[in-house]
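Trainee:
In this note's numbering, the protein residues as written are 1 to 199.
1) Taking the alpha-carbon of residue 57 as reference, which of 113, 164, 129 has the nearest alpha-carbon?
2) Identify whether residue 26 lies in helix, strand or coil by the three-state DSSP scheme.
3) What separation, rounded to the nearest whole angstrom, lies between the Cα atoms of residue 180 and residue 128?
4) At the level of alpha carbons, what is the spacing between residue 46 and residue 38?
5) Using C-beta distances below 6 Å, list every residue in its chain close to residue 63, excluding the 5 sequence neighbours before and after it, in chain order.
6) List the endpoints of the continuous alpha helix (DSSP H) containing residue 115.
7) How big is the Cα-Cα spacing for residue 185 and residue 131?
8) Rounded to whole angstroms, what is the Cα-Cα separation between residue 117 and residue 126?
9) Give the DSSP-derived three-state secondary structure of residue 162 in the structure shown.
10) Could you check if residue 55 is buried or exposed, using at least 16 other CB atoms within 10 Å of its CB as the buried criterion?
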């Protein structure tokens with residue numbers, strides 16, 4: 001079993017104070033946390049699929065925060081709330097989260113309404129920008145991949161395969177490829193991330 005606060009490469013660190021914000025009292029290790037979060041995320045996916053949201057609904061702050069709350073609300077007290085801590089080398093400063101999120105959702109509604117990019121590219125850019133902002137204390141990657149999948153489906157595409165692996169648990173080559181693609185997207189080159197999403 002991995003200690004709950006042991007750092008995971010290229011993942012948002014869990015701070016010691018975060019253990020006080022866990023809802024299940026039985027979680028003592030990273031493995032326990034992964035099991036609890038996986039169960040919660042599965043119910044979050046079911047919640048989202050039952051709603052069959054339209055593209056312009058998905059591209060809203062309210063939907064994003066509700067989805068995060070449903071994905072993590074049985075595990076974390078802060079689920080669905082913007083993070084209140086600064087993260088080292090990840091995300092925008094916390095005081096910018098609300099304004100950057102509003103800009104992001106406005107931009108994506110415009111791109112959807114005007115067919116600025118293909119449906120896949122809109123969804124992958126959406127995913128990248130959600131990860132870049134890193135609005136939540138944890139779960140940003142899993143949340144943003146689900147948001148991208150829901151957006152792709154609402155635009156008539158299949159959900160993404162994301163390298164056909166579990167990026168949440170993977171610490172090997174699959175995750176390194178994904179992180180490298182995200183970093184290229186940070187510099188304006190979305191090509192590798194777009195290819196990875198459908199690989």
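Beta carbons are placed, not taken as given, at the ideal position from N, Cα and C, and that holds for glycine. This one's a predicted model, so the numbers in the text were calculated from it and none came from an experiment.
Mentor: Reading off the structure:
1) Residue numbering aside, residue 57 sits at position 57 when the chain shown is read from its first letter. Ranking 113, 164, 129 by Cα distance to residue 57 puts 113 first.
2) Here the question's residue 26 lines up with position 26 in the chain shown. In this structure, residue 26 counts as coil in the three-state DSSP scheme.
3) The sequence position of residue 180 within the chain shown is 180, counting from 1. The sequence position of residue 128 within the chain shown is 128, counting from 1. If you take the alpha carbons of residue 180 and residue 128, they lie about 12 Å apart.
4) The sequence position of residue 46 within the chain shown is 46, counting from 1. The sequence position of residue 38 within the chain shown is 38, counting from 1. When rounded, the distance between both Cα atoms is 13 Å.
5) To locate residue 63, count along the chain shown from 1; it is residue 63. Excluding residues within five positions, the ones whose Cβ falls inside 6 Å are 57.
6) Taking the first residue of the chain shown as position 1, residue 115 is located at position 115. Counting along the chain, residue 115 falls outside any alpha helix (DSSP H), and DSSP gives it neither H nor E.
7) Taking the first residue of the chain shown as position 1, residue 185 is located at position 185. Taking the first residue of the chain shown as position 1, residue 131 is located at position 131. The alpha-carbon atoms of residue 185 and residue 131 are separated by roughly 11 Å.
8) Numbered from its first residue, the chain shown carries residue 117 at position 117. Numbered from its first residue, the chain shown carries residue 126 at position 126. Their Cα atoms are separated by approximately 11 Å.
9) Counted from its first residue, the chain shown places residue 162 at position 162. If DSSP states are grouped into helix, strand and coil, residue 162 belongs with the helices.
10) By 1-based counting over the chain shown, the position of residue 55 is 55. It is buried - the Cβ of residue 55 has at least 16 other Cβ atoms within 10 Å.
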